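Sequential numbering from 1 applies to the sequence shown in full-length UniProt numbering. Glycine included, every Cβ here is placed at the ideal spot set by N, Cα and C. Every value quoted in this text rests on a predicted model; they were computed, and no experiment measured them.
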Amino acid sequence: MCPAGAHRPAGCTHRWICPAGAHRPAGCKPGGCARSRSGGGASAGRDRQSPAGAAAGAASARSAMAERCDVVVVGGGISGLSAAKLLTESGLNVVLLEANDRVGGRTFTVRNKQVKYVDLGGAYVGPTQNRLLRLSKELGIETYKVNEVEHLIHHVKGKSYTFKGPFPPMWNPLAYLDYNNLWRTMDEMGKEIPNEAPWKAPRAEEWDKMTMQDFIDKICWTKAAKSFATLFVNVDVTSEPHEVSALWFLWYVKQCGGTARIFSTTNGGQERKFVGGSGQISERMMERLGGRVRLRKPVVRIDQSGDGVVVETLDHEIYECKYVISAIPPALCLKIHFNPPLPPMRNQLINRIPMGSVIKCIVYYKETFWRKKGYCGTMIIEDEEAAIGLTLDDTKPDGSFPAIIGFILARKCRRLTGLTKEERKTRLCELYAKVLGSEEALHPVHYEEKNWCEEQYSGGCYTAYFPPGIMTQYGRIIRQPVGRIYFAGTETATEWSGYMEGAVQAGERAAREILFAMRKIPDSEIWKPEPESVDVPALPITTTFWERNLPSVPGLLKLIGFSTFFTSVAAAGLFAYKKGLLVRN
């Protein structure tokens, strides 16, 4: 930039700003002058716009190109699709934006000639999951029972033991008391935690400061009970006991119906699967919504600084709407730019609840050799060196495509994620051969797997978990709207959160919140109870007299202590009486 009054030689083309009254030599071209040269009518139309004017012009151009609708739903999983379906049926104009090239979110059905179909994501449905059962029936999707006719296997300390029922038995009397007390205590504590507001539990602060590892160490006295409790946490939330809040985990188990309901196959959360795969639920909702669903549209900006809401995708498509539903895992909101910024507590919440870690693995065989040996395919495996913690039979309901599905969970998922697919398959087959006592397990005909940790638009599976201290400080934020943005996703559910059932509940609830905001329904209809499924009724979870009344290990020790004391006192009294040391009446 030439200084004020500086003289430049003829032909100077440097950009410079000319102050008032400055002298410029002939031929100098001040490209940076604030005003065009007088008499330059042709150049007058090329005057520079101010930055504010340019931004306003660009915004105006984008607005002219924007697609307008009533509601934009972000996320094409079961929760987002359930919300879009309900809103569309209520007469609203809805657009659903999905980042992936498919719908389904954390459900994912793969189809090929080797497997026919296989669920690599969420798959199971059972009694009390009434919204999902109602939705699947409406969409014409049938269910079938997961095989549990034969015996289950509990593999521990290198040996396999058969059993029936939701939990393996404990033959050591002290271990049995410890084990029984663990389930009883968890269920009793869960009764104190409100489904809709766990932070309001009477001892919420105390329990939220504890990890589940702290809880296990406090409640359990035997190695057997501690080991199984660790596996129970791994299986239920794909996380480690030291990672999760005791309050959150106890709430999670309670809102799924308790320890037996959440862990069981028969009469539990894993009782059934969908004929044709769970992916059909999302696919058929997408068909009903037609062109309202847009794939490969990651949302990068949500702006509600004006009268409505502006949503922008990665490929710069613009949507203008009245309301938005975010139906993605909470942490994925970090990929979106919000204007105005999210409130401090919401911003902190989404930074504090990570996703679980799991690789879902399905090994296919020529025949169901395990059934011939009297095993149903369920294996509960307690072995630190074993890749898998839990398996289930994944054979099709007509007996075709024999398969065993296994879950690589939490720490083991993170440990084995560096192996190749072939290396993981080999480890699984060797493990199954050992647990089932069969060489046939070493000869699979096909293998499928899905590492959910590598999914950039999921971040993990099954669900987000709450570390200690987060539920009481941030939990109440999880469903709170931010302006015109409402929140769905299975993490926001109050029944079967973490499951497909929770996704349906959350999506429909968020949709009804918008209908209420638009004065289309009363406040009382936002939360609607679901009638029990006629086709899949729930049987009550029963406990025996002994399960309810047997002492814990410390209770037994106290009992033994008191008994010993009173026996000693009685013996001393009898001795003194016989020796004449006590006065006889």
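Could you name the residues of the same chain whose beta carbon sits closer than 7 Å to that of Cys-69, not counting the 5 residues immediately before and after it, in chain order?
-> Closer than 7 Å at Cβ, skipping near neighbours: Asn-93, Val-94, Val-95, Tyr-319 and Cys-321.
Could you tell me whether the Cβ atoms of Val-125 and Ser-282 are closer together than 7 Å?
-> No; because the gap between Cβ atoms is not below 7 Å, this pair is not in contact.
Every unbroken beta strand (DSSP E) inside the stretch 104 to 158 [3 residues or more] = Secondary structure in the stretch 104 to 158: the beta strand (DSSP E) runs of 3 residues or longer, each lying completely within the stretch, are 143 to 145 and 151 to 156 in chain order.
Ala-327 classed as buried or exposed, judged by whether at least 16 other C-beta atoms fall within 10 angstroms | Looking at its Cβ environment, which holds 16 or more other Cβ atoms inside 10 Å, Ala-327 is buried.
In terms of DSSP beta bridges, what is Thr-313 paired with?
-> Bridge partners of Thr-313: Val-299.
Any idea which residues DSSP pairs Ser-160 with across the strands?
-> Answer by DSSP bridge pairing, in chain order: His-155.
Residue from His-154, Ala-503, Leu-442 and Phe-407 with nearest C-alpha to Glu-367 | From the listed residues His-154, Ala-503, Leu-442 and Phe-407, the smallest Cα separation to Glu-367 is found for Leu-442.
Are the Cβ atoms of Thr-494 and Asn-180 separated by less than 7 Å?
-> Result no, Cβ atoms of Thr-494 and Asn-180 do not sit closer than 7 Å.
State the start and end residues of the unbroken beta strand (DSSP E) segment that holds Lys-360.
-> Taken as a continuous stretch (DSSP letters only), the beta strand (DSSP E) holding Lys-360 covers 358 to 364.
Do the stretch 460 to 471 and the stretch 302 to 314 meet, that is, are 3 or more Cβ pairs less than 8 Å apart?
-> No contact exists between the stretch 460 to 471 and the stretch 302 to 314.
List the whole-angstrom C-beta distance separating Thr-395 from Cys-453, where the pair is believed to meet the contact cut-off of C-beta under 8 Å.
-> That pair is no contact at about 27 Å.
Quick one: Cα of Gly-502 to Cα of Ala-197, how far?
-> Straight-line measurement puts the Cα of Ala-197 at about 15 Å from the Cα of Gly-502.
Would Gln-114 be called buried (16 or more neighbouring beta carbons within 10 Å of its own) or exposed?
-> Under this definition Gln-114 is an exposed residue.
Is the Cβ-Cβ distance between Phe-249 and Met-212 less than 7 Å?
-> Result yes, Cβ atoms of Phe-249 and Met-212 sit closer than 7 Å.
Residues that DSSP places opposite His-337 in a beta bridge | According to DSSP, His-337 bridges with Arg-301.
Is it right to say Phe-545 is buried, meaning 16 or more other beta carbons lie within 10 angstroms of its own, or is it exposed?
-> By the beta-carbon neighbour count (other beta carbons within 10 angstroms, threshold 16), Phe-545 is exposed.
Taking Cβ positions, are Ala-246 and Asp-178 nearer each other than 7 Å?
-> No, they are not a contact pair.
Beta-carbon separation of Cys-361 and Gly-308 under 7 Å?
-> In this structure, Cys-361 lies away from Gly-308, with their beta-carbon atoms at least 7 Å apart.
Three or more C-beta pairs below 8 Å linking the stretch 216 to 223 and the stretch 267 to 282 = The count of Cβ pairs closer than 8 Å, one atom from the stretch 216 to 223 and one from the stretch 267 to 282, stays below three, leaving the stretches out of contact.
Enclosing alpha helix (DSSP H) for Leu-515 [first to last residue] = Taken as a continuous stretch (DSSP letters only), the alpha helix (DSSP H) holding Leu-515 covers 500 to 517.
Would you say Ala-204 faces chain C, with C-beta separation under 7 Å as the test?
-> In the structure shown, chain C does not exist; there is a single protein chain.
Would you check if there are 3 or more beta carbon pairs closer than 8 Å linking the stretch 136 to 150 to the stretch 378 to 394?
-> Short answer: they touch.
Count the C-beta pairs between the stretch 337 to 349 and the stretch 473 to 483 that are closer than 8 Å, then say yes if the count reaches three, no if not.
-> Counting Cβ pairs under 8 Å, three or more are found: they touch.
Own chain, CB closer than 7 Å to Glu-448, minus 5 neighbours either side, in chain order = So the qualifying residues of the chain are Val-110, Val-115, Val-118, Leu-120 and Ile-362.
Given 8 Å as the limit, is there contact between the stretch 420 to 437 and the stretch 81 to 91, that is, 3 or more CB pairs closer than that?
-> Short answer: they don't touch.
Does the distance from the CB of Leu-87 to the CB of Val-72 come in under 7 Å?
-> No; because the gap between Cβ atoms is not below 7 Å, this pair is not in contact.
Report the option in Trp-199, Val-156, Glu-138 and Thr-185 whose CA atom is closest to the CA atom of Asp-535.
-> Measuring from the Cα of Asp-535, the nearest candidate turns out to be Glu-138.
Excluding the five sequence neighbours on either side, which residues of its own chain have a C-beta within less than 8 Å of the C-beta of Thr-107, listed in chain order?
-> Listed in chain order, the non-local C-beta contacts of Thr-107 below 8 Å within the same chain comprise Gly-77, Ile-78, Asp-119, Gly-121, Gly-122, Ala-123, Ser-278, Gly-279, Ile-281, Ser-282 and Met-500, local neighbours out to five positions each way being set aside.
Is Trp-527 buried or exposed, if buried means 16 or more other CB atoms sit within 10 Å of its CB?
-> By the neighbour-count rule (16 or more Cβ atoms within 10 Å), Trp-527 is not buried but exposed.
Give the range of the alpha helix (DSSP H) segment to which Val-95 is assigned.
-> For Val-95, there is no enclosing alpha helix (DSSP H); the enclosing beta strand (DSSP E) has its first and last residue at 94 to 97.
Are there 16 or more other CB atoms within 10 angstroms of the CB of Glu-513, so buried, or fewer, so exposed?
-> Around the C-beta of Glu-513, 16 or more other C-beta atoms lie within 10 Å, and the residue is accordingly described as buried.
To which residues of the same chain is Pro-329 closer than 7 Å at the C-beta, ignoring the five residues directly before and after it?
-> Met-355, Ser-458, Gly-459, Ala-464, Gly-489 and Glu-491.
Boundaries of the beta strand (DSSP E) in which Ala-403 is found, first to last residue | From DSSP, the beta strand (DSSP E) with Ala-403 extends over 403 to 409.
Roughly how many angstroms lie between the CA atoms of Arg-261 and Lys-159, to the nearest whole one?
-> Their Cα atoms are separated by approximately 27 Å.
Flag this pair as yes or no: are the beta carbons of Ala-83 and Ala-510 separated by less than 7 Å?
-> Judged by their CB atoms, Ala-83 and Ala-510 are nearer to each other than the 7 Å cut-off.
Return the CA-CA distance between Glu-192 and Phe-263, expressed in angstroms with no decimal places.
-> Approximately 20 Å between the Cα atoms of the pair.
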